[in-house]
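One structure below.
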Amino acid sequence: MPSQQAPRGSVPIVEQRAIWIGLRLAAIAIAVPLMLAGCLPSLSDLNPLNLIAGNDEEDEDRLQGERISVLSLEQTLEVDPDLADIEVALPPPYVNDSWPQPGGYATHAMHHLQIPADIKEVWRVKAGQGSQGGVRLTAPPVVGDGTVFVRDAVASVSAFDAVSGKRLWEVNLKPRKTKSYMGTGGGVAFAEGKVFASTGFGFIVALDGKTGTEIWRQSLGLAIRSAPTVSNGRLFVSTFDNQLFALSTTDGRIFWNHRATPETARLLVSSSPAVSGDIVIAPFSSGEIFALRVQNGRVAWSDALQRTGQLTPLATLNDIAGRPVIDRGRVIAVSHNGRMVSIDLRSGERVWTRDIGSVQTPWVAGDYIYVVSIDSEIICLSRRDGRIRWITLLQQFENEKKKKGPIFWSGPVLAGDRLIVVSSHGEALSVSPYTGEILGHIDLPHGSFISPIVANETVFLLTDDAKLIALR
């Protein structure tokens, strides 16, 4: 596969390349019907897929031909010459026995995980309904108590034995007389022996992890955007109208909610808040990020990851689609339209800012941060000051010469001294975290828009057609 490593020096972060609006990329779909409404959506009106999933053939034909620039201004990122000859040092890998919620642990800081030097596929199963028609698979799998839990594109939750891949149970959460696309959004988390599932239908359920039996259900009355984050008996989810709710994991009662600025357009992804101690870090599609007190929802500080001067609709989206990471007193966050920051967790003061756009969760390990940019680059930055150590450019188009068939990359995860990313055109790459060199690849049965996860020295991949693959 034609991939190339960027030369040491400078690499364009934003080229004037176009993407097909009609391309059905779940992670970059814009929810535009709300723009016309001029008001907050009701649950029944909210369809974040209308732009790319028209209701008739005429709409599909029209959308397939429309092009739009990803970002309006060209800029460059440069490798810092003072870091170019400094060796990247990482903490030793460790075995994590679980990946209980999207992002791993509640802080989303997983550091360096352990997997064998050579891994191969040990099982593959169909985990439910994948992306198709008006429904999108956006929820990453989670692992707890030796079980992999998956929420598919039509809100069915399934449990699989992590060793054998055997299906243990399945529960369909779609209400009767509702459209499947309304359930897009949300995700699953595992804690206290329970699976917590949030849905675009506007409710959250707690299921018994061993049987799938429903324990409680709580309706929020609004489509839920985020996968749950669970910490110390509290569950946090955000809705499509930019509210964060805190609920009890015991019975689902609502403790408090916080309202951010409503945003009429967003990226169709399954993000989630981060929690450390008494602070929850909540990202929103408005580009706002709030540090809230876990107990009462009071604001400790806030920031806005927004840039001016963007001229196209896609470029002006401020959405913080990747999960924020809390690591050793720092909050690392990045927005779609080109702001990556490190913020002091307690004071809310910015430590550094970089002009990097991404819809992926940054990966922090030791003194370095790895992020996949919206322009198909893997970037290694200094955690201390944000300076760039190396940049590797991945394949951007299936046909690079004609600039056709845009490729979307998800990840990375750091495991066994290699970064792992997956692509929308059906490939998983391993990349050196030390140099950015591409080490190898495997072909997948289908494209994937969901970052890999790791538990018990096993890599789990979920493709866009809902095939769950275990590599060990």
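In the working numbering, the protein residues as written are 548 to 1019. Note that the Cβ used here is the ideal one computed from N, Cα and C, for glycine as well.
DSSP, read as helix, strand or coil, puts Ser920 in coil. Under the criterion of beta carbons closer than 8 Å, Arg877 and Ser889 qualify as touching, at roughly 5 Å. Just so you know, the alpha carbons of Thr939 and Leu928 end up roughly 12 Å apart. Taking one beta carbon from each stretch, the stretch 647-654 and the stretch 983-995 have fewer than 3 pairs nearer than 8 Å; the two do not touch.
Closest option to Val827, judged by alpha-carbon separation, among Val919, Phe792, Trp937, Arg714: Phe792. Contact between Asn804 and Ser832 does not hold, since their C-beta atoms are separated by about 16 Å, which reaches or exceeds 8 Å. Assignment of Met657 by DSSP, reduced to helix, strand and coil, places it in the coil class.
Between the stretch 772-791 and the stretch 736-751, the count of Cβ pairs shorter than 8 Å is three or higher; the stretches touch. Straight-line measurement puts the Cα of Leu684 at about 22 Å from the Cα of Leu767. Look at Tyr728 here: in three-state DSSP terms it is helix.
For secondary structure counted as the alpha helix (DSSP H) over 4 or more consecutive residues, the stretch 646-723 holds no complete run. Annotation for His988: the continuous beta strand (DSSP E) segment containing it runs 985-990.
Taking the Cα of Ser957 as reference, the smallest distance to any Cα among Leu1009, Ser849, Ala880, Val822 is reached at Leu1009. Cα atoms of Arg800 and Val1006: separation of roughly 35 Å, rounded to the nearest angstrom.
Take Trp899, set aside five residues on each side of it, and the residues of its chain with a beta-carbon closer than 6 Å to its own are Ser889, Asp932, Gly933, in chain order. DSSP places Pro830 within a strand segment (E or B) once states are collapsed to three.
For Glu896, the closest of Pro820, Ala847, Asp699 by C-alpha to C-alpha distance is Ala847. Sixteen is the threshold: when 16 or more other Cβ atoms of the shown chains lie within 10 Å of the Cβ of Glu835, as they do, the residue is buried. Here Ser711 is exposed: its Cβ has fewer than 16 other Cβ atoms, across all protein chains shown, within 10 Å. Secondary structure of Gly952 (DSSP, three-state): strand. With fewer than 16 neighbouring CB atoms inside 10 Å of its own CB, Val669 falls in the exposed class.
Of the residues assessed, Ile633 falls on the exposed side of the cut-off, its CB having fewer than 16 other CB atoms within 10 angstroms. Just so you know, the alpha carbons of Ser818 and Ser785 end up roughly 9 Å apart. Between the alpha carbons of Arg714 and Glu924 lies a distance of about 36 Å.
Between the alpha carbons of Leu720 and Glu947 lies a distance of about 42 Å.
Around Gly780, the same chain offers Thr796 as residues with beta carbons nearer than 6 Å, after the five sequence neighbours per side are excluded. Closest in C-alpha terms to Thr808, from the list Asp866, Met729, Leu966, Gly987, comes Asp866. Look at Asp874 here: in three-state DSSP terms it is strand.
Counting along the chain, no beta strand (DSSP E) covers Gln907, and no H or E run does either. Residue pairing by DSSP puts Gly734 in a beta bridge opposite Ser745.
Non-local C-beta neighbours of Asp644 in its own chain, meaning closer than 6 Å and more than five positions away in sequence, comprise Asn1003, ordered along the chain. Here the stretch 695-702 makes contact with the stretch 732-741; the two share three or more CB pairs at distances below 8 Å. Per DSSP, the unbroken beta strand (DSSP E) holding His805 starts and ends at 801-806. Residue environment for Asn884: buried (at least 16 other C-beta atoms within 10 angstroms of its C-beta). At the C-beta level, Val960 and Ile954 stay beyond 8 Å of one another. In the three-state DSSP reduction, Thr811 falls in the coil class, being neither helix nor strand.
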